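> Heads up, the sequence shown is in numbering that gives the first Met the number 0, so the first residue is 0 and it goes up one at a time.
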Amino acid sequence: MPTLTRAEAAERASLVDVESYHVDLDVTGDGETFRARTVTRFRARPGRATFLEFEPAEIASITLNGEPVPPSAAADGRLVLSGLAEENELVVDATMRYSNNGEGLHRYTDPADGSVYLYQHLFINNGGRVLPCFDQPDLKASFRVSVTAPADWTVATNGRLVSRDGGRWEFAPTERISTYLASLIAGPWHVRTDEHDGLPLALYIRATLAAQLDAQAAEIFEVTKQCLDRFHEMFEIRYPFGHYQQAFAPEFNFGAMEYPGLVVFRDEFVPRSTITETEREHRASVIAHEMAHQWFGDLVTMAWWDDLWLNESFAEYLGSRVAAEATRFAGTWTTFAMQRKAWGLRADQRPSTHPVAPAEVADTDQALMNFDGISYAKGASVLKQLVAWLGDESFLAGVNMHFEAHAFGNATLADLLGALSKAGGRDLSGWAEVWLRRAQVNTLRLEVERDGDVYREVTVVQTAPDGYPTLRPHRIGVGLYDHVDGAVVRRELIEAELDATGRTVLPELAGVRAADLLLLNDGDLAYAKIRLDDRSAAAVPLLLPLLTDSLARAVIWAATLDAVVDGERPVAELVTLVLAALPVETETVIVEDVLRATRGLVDRYATEETRPAALELLAQAADRLLAASPAGGSRQLIAARGLIGATVETGRLAGWLAGEGLPDGLVLDEDLRWLILYRLAVLGAAGVDAIEAELAGDRTATGEQWAARCRAALPDPAAKEAAWAAVVGDASLSNRLVELTAGGFWQPEQRELLEPYVARYFTDMPEMLRIRSGMSAEKTLAAAYPAVMVSASTRQAAAGLLAEPEVNPLLRRVVQDNDDDMRRALLARE
Ligand SMILES: [Zn+2]
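1. Assign residue 826 to one of two classes, buried (16 or more other C-beta atoms within 10 Å of its C-beta) or exposed (fewer than that).
2. I need the DSSP call for residue 799, collapsed to helix, strand or coil.
3. Suppose the cutoff is 7 Å on Cβ atoms and the five residues either side in sequence are ignored; what does the same chain contact list for residue 63 look like?
4. Check residue 327 in the structure and name its three-state DSSP category.
5. Just to confirm, does residue 314 get its C-beta within under 6 Å of one of the non-hydrogen atoms of ligand 1?
6. Residue 379 and residue 316 - do their beta-carbons sit closer together than 7 Å?
7. Are residue 550 and residue 363 touching if we call contact CB-CB under 7 Å?
8. Residue 761 lies in the alpha helix (DSSP H); which residues open and close that run?
9. Between 31, 82, 16 and 60, which lies nearest to residue 46 when the distance is taken from Cα to Cα?
10. For residue 751, verify whether its CB is less than 6 Å away from any heavy atom of ligand 1.
11. Ordered along the chain, which non-local residues of its own chain (more than five positions away) have a Cβ less than 7 Å from that of residue 524?
12. Compute the Euclidean distance between the alpha carbons of residue 438 and residue 352, then round it to the nearest angstrom.
13. Within 10 angstroms of the Cβ of residue 746, are there 16 or more other Cβ atoms? Answer buried if so, exposed if not.
14. Does residue 629 pass the burial test, meaning 16 or more other C-beta atoms within 10 Å, or should it be called exposed?
15. Could you work out which residue in 625, 221 and 389 is closest to residue 327 when comparing CA atoms only?
16. In or out: residue 354 buried (at least 16 other Cβ within 10 Å) or exposed?
17. Grouping DSSP H, G and I as helix and E and B as strand, with all else coil, what is residue 607?
18. Short of 6 Å in beta carbon distance, which residues of its chain neighbour residue 104, apart from the five on each side in sequence? Order them along the chain.
19. Which residues in the same chain have their Cβ closer than 6 Å to the Cβ of residue 135, if we skip the five residues on either side of it in sequence?
20. Once you ignore the five residues that flank residue 106 on each side, which residues in its own chain have a CB closer than 6 Å to its CB?
21. Any idea which residues DSSP pairs residue 513 with across the strands?
22. Which residues mark the beginning and the end of the alpha helix (DSSP H) in which residue 16 is found?
23. Within the same chain, show all residues whose beta-carbon is closer than 6 Å to that of residue 100, passing over the 5 residues directly before and after it, in chain order.
24. So residue 649 is in the alpha helix (DSSP H); what residue range does that whole segment cover?
25. Would you kindly report the start and end of the unbroken beta strand (DSSP E) that includes residue 338?
26. From residue 323 to residue 329, what does the alpha carbon distance come to, in whole angstroms?
27. With distances taken from CA atoms, which of 777, 785, 809 and 535 is nearest residue 253?
28. Can you name the residues that DSSP bridges to residue 67?
29. Are there 16 or more other CB atoms within 10 angstroms of the CB of residue 306, so buried, or fewer, so exposed?
30. Are the segment 607-615 and the segment 576-586 touching by the rule of at least three beta carbon pairs closer than 8 Å?
31. Could you check whether residue 540 and residue 486 sit closer than 7 Å to each other, using their CB atoms as the reference points?
32. For residue 458 and residue 638, what's the separation of their Cα atoms in angstroms?
33. Just to confirm, is the Cβ distance from residue 642 to residue 621 under 7 Å?
34. With residue 261 and residue 244 assumed to form a contact (beta carbons below 8 Å), what rounded beta-carbon distance in angstroms separates them?
35. Would you list the one or two residues that DSSP bridges to residue 199?
36. Where DSSP assigns a beta bridge to residue 690, which residues make up the other side?
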């Protein structure tokens, strides 16, 4: 779809006021297209012209206020209308195209049973792929949907079902919602229903995953109900969209999407194989995240994409918070500290960094690119800081005032800040300026002066990166930990308000007996890069395994990983710490994240010479962890996955695949089998025949995805060429298959074979962008980047592309960011 600029949207909003859409879809036909008849009612300034987003395959008829409009009025993704009346009725009857990239109306055929499923995803600017519409967030309207579908299908939308007659489905008009939030699923879905507090609940999944959903539905419903109750305690306006349905859809680009009344998740959230506690916790926090959006985003919507953060930061913050407060997954803030915040910090230090709340997002393309770790994780982290600063009561009071004032409408950052300032009795404009309007991150470190065993003075020093001189106020915890009788316990926690001068002395610590470990940012309130003092850093290998507080361990791990990323500490030291501390780690999310992050750092930060030894140590750490993990638990499975990914012992892996020598309690299910086969493929110890044989026994969507990834990973010139050609030029491949093919392609073990493809990335990706767009294109660009080919020549090739006058902005951004990552890796290697 063509991009919509901020200026165009503002002008259109001043001309037009949309009342309703009645969309009547016929999805009974086979093949590439469906029929859509849409009646749009809107008011306008008489005599003026405007346009709707619209991308039909073929137009049957268009009438405006009863008068025919020539089909030529629709061109280049827009339908231009002139001579508007005060009250207008636009009727458009057209044939539209299905998509296979997750945007518009995505059509999916399940390879396991041949069934077809559809889901609609209009975000950010794909409304015109399904219906002619005024596709911008501040032109809200009521949606009424009618669908003619095959008789054995189930159809669901945002709105309540009014009637069903065979394949004909009629739904009630919705409340006023933004176009990007209009939702629909259709297909032979397996359905589970329940009810809570007067709200009908439903879950949908494709038929071949029915048994998995049945096994997990009780937990999903329980979490849903607990979160609903918690939101109803926090918010004065009750859940406003009538019913709460959650669908798990195939090949969904996002983790999930917050459509009012019908949330859609990627169906990987209901895995067919063993699910770990980490994955269950993640699912719970995503359920809470999407539910938070029902208020933040759906009830009150940003006026334009400048305030995308307003949606995502709040949902991210409340997702972690409500899951922790209302469900059995109490550790979501540990996960946040480890994973999400690291994502935000990384994004914030890349060349593409931007303020949480940019003053102006020029168009929808730019908005899509801002859909990153800054809008989600940094924003959420900053909000956590704001709540600490403002107090929870004031925060919730402000939020409720905001909902009350803008329900079913739109709002801006200024509106929210006004409500929060009023509720808190504290002017937030200065706070907002440094935290929301300015990019980049500060580093906090401790400067410690001692007299023998007593602190003379402890100072928190705040610094800013080059080019971004802003220092910020922080509220932060500092924990004093002592090593006592084989455990590390917190003697004291002090809270300090840091001002923006750069140096804050902590008077409480003068004359206090020195701790064995002084933990800056204890409690993880701050959004900052954290560095320990030298004495504490030196004590980490000994003390970390003995620390009982998992959030404190997460803060230390995060700081340690970040210091390696920055080249301040060598990756070899990290691997040694992993070997010492990880086998006794009990928090599964820490285990999982440390293994994953360390593996990534070994691949890029270790040199050709040092990498095998580092990988061997990592495999050893995973192996020890495996031996120390209870049989059949999540930690055992996570350790096994870590070991499989790092080991080069192909004999042992082949044995496991044959069912020999597996640790007690480890279930060799389909996905663990594929993971082993994938590693064997990377190492050249399994070939096409083994992949095809595995696929023959698992002809499912997941099986096909694994097979594509395995084929791309083979150290074989023909396999590489085929995979690359598919990524660059095969438009028939769905979004998910492209992503996984690209994801299997680059392997640090295969440098020589892959060398020619470094240059080809820069020549071929513009080609790829001719057939892929939006989120799918962005994911493909990132997955296909030669990130493991760390060398000056890769950087030169990147520089060559960036020097060209006309570079696609999405490609430019991916290359700039990845090149900057490589710059860091090369520096660290020196
Ligand atoms: Zn969200």
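In this text, a Cβ means the ideal position worked out from N, Cα and C, and glycines have one as well. Please read all numbers here as calculations on a predicted model, not as lab measurements.
Reading off the structure:
1. Within the sequence shown, residue 826 is the residue found at index 827, counting from 1. Burial call: exposed.
2. Here the question's residue 799 lines up with position 800 in the sequence shown. Reduced to three states, the DSSP call for residue 799 is helix.
3. Taking the sequence shown and counting its residues from 1, one reaches residue 63 at position 64. Excluding sequence neighbours, residue 63 sits near 80, 87 and 89.
4. Here residue 327 corresponds to residue number 328 of the sequence shown, with the count starting at 1. Coil at residue 327, not helix or strand.
5. Reading the sequence shown from its first residue, position 315 is the one you call residue 314. Residue 314: yes, Cβ under 6 Å from ligand 1.
6. Counting from 1 along the sequence shown, the entry for residue 316 is found at position 317. Counting from 1 along the sequence shown, the entry for residue 379 is found at position 380. Cβ distance < 7 Å, so residue 316 and residue 379 count as in contact.
7. In the sequence shown, the residue the question calls residue 550 occupies position 551. In the sequence shown, the residue the question calls residue 363 occupies position 364. Cβ atoms of residue 550 and residue 363: not closer than 7 Å.
8. On the sequence shown, position 762 is the one that residue 761 refers to. Residues 750-767.
9. Locating residue 46 in the sequence shown gives position 47, where the first residue counts as 1. The option with the nearest alpha carbon to residue 46 is 82.
10. In the sequence shown, residue 751 corresponds to position 752, counting from 1. No, ligand 1 has no heavy atom inside 6 Å of this Cβ.
11. Walking along the sequence shown from the start, residue 524 turns up at place 525. If we look at residue 524 and ignore the five residues flanking it on each side, its Cβ neighbours are 383, 384, 387, 474, 475 and 476.
12. The sequence position of residue 438 within the sequence shown is 439, counting from 1. The sequence position of residue 352 within the sequence shown is 353, counting from 1. For residue 438 and residue 352, the distance between alpha carbons rounds to 6 Å.
13. For this step, residue 746 is matched to residue 747 along the sequence shown. Label assigned to residue 746: buried.
14. Taking the sequence shown and counting its residues from 1, one reaches residue 629 at position 630. So residue 629 counts as exposed.
15. Reading the sequence shown from its first residue, position 328 is the one you call residue 327. For residue 327, the nearest C-alpha among the options comes from 221.
16. Mapped onto the sequence shown, residue 354 falls at position 355. Answer is buried; the Cβ neighbour count reaches 16.
17. Translated into the one-based positions of the sequence shown, residue 607 becomes position 608. Correct three-state label for residue 607: coil.
18. Along the sequence shown, read from residue 1 onward, the residue named residue 104 stands at position 105. Closer than 6 Å at the Cβ level, and outside the excluded window around residue 104, lie 97, 117, 119 and 129.
19. Within the sequence shown, residue 135 is the residue found at index 136, counting from 1. 8.
20. As a first step, residue 106 must be located in the sequence shown, where it is residue number 107. Answer for residue 106: 97 and 117, listed in chain order.
21. Within the sequence shown, residue 513 is the residue found at index 514, counting from 1. For residue 513, which the question treats as bridged, DSSP gives no partner whatsoever.
22. One-based indexing of the sequence shown puts residue 16 at position 17. Unbroken run through residue 16 is the beta strand (DSSP E), 15-25; no alpha helix (DSSP H).
23. Sequence index remark: in the sequence shown, residue 100 carries index 101 (1-based). Cβ within range, chain order: 734 and 775.
24. In the sequence shown, residue 649 corresponds to position 650, counting from 1. Counting along the chain, the alpha helix (DSSP H) containing residue 649 begins and ends at 649-656.
25. The residue given as residue 338 occupies position 339 in the sequence shown. It is not in any beta strand (DSSP E) - residue 338 carries neither H nor E in the DSSP assignment.
26. As a working note, residue 323 is residue 324 in the sequence shown. As a working note, residue 329 is residue 330 in the sequence shown. Using only the alpha carbons, I get a separation of about 4 Å.
27. Residue mapping note: residue 253 aligns to position 254 of the sequence shown, counting from 1. For the residues 777, 785, 809 and 535, the minimum Cα distance to residue 253 belongs to 777.
28. Mapped onto the sequence shown, residue 67 falls at position 68. According to DSSP, which records beta bridges pairwise, residue 67 is partnered with 62.
29. Taking the sequence shown and counting its residues from 1, the one referred to as residue 306 is at position 307. When all chains shown are included, residue 306 counts as buried.
30. no
31. By one-based count along the sequence shown, residue 486 stands at place 487. By one-based count along the sequence shown, residue 540 stands at place 541. No, the Cβ-Cβ distance between residue 486 and residue 540 is not below 7 Å.
32. Sequence index remark: in the sequence shown, residue 458 carries index 459 (1-based). Sequence index remark: in the sequence shown, residue 638 carries index 639 (1-based). Rounded to the nearest angstrom, the two C-alpha atoms are 40 Å apart.
33. Counted from its first residue, the sequence shown places residue 642 at position 643. Counted from its first residue, the sequence shown places residue 621 at position 622. Going by C-beta atoms, residue 642 is nearer than 7 Å to residue 621.
34. Counted from its first residue, the sequence shown places residue 261 at position 262. Counted from its first residue, the sequence shown places residue 244 at position 245. Going by Cβ atoms, the distance from residue 261 to residue 244 rounds to 5 Å, so yes, they are a contact pair.
35. Here residue 199 corresponds to residue number 200 of the sequence shown, with the count starting at 1. 194, per the DSSP bridge assignment.
36. On the sequence shown, position 691 is the one that residue 690 refers to. In DSSP, residue 690 forms no bridge with anything.
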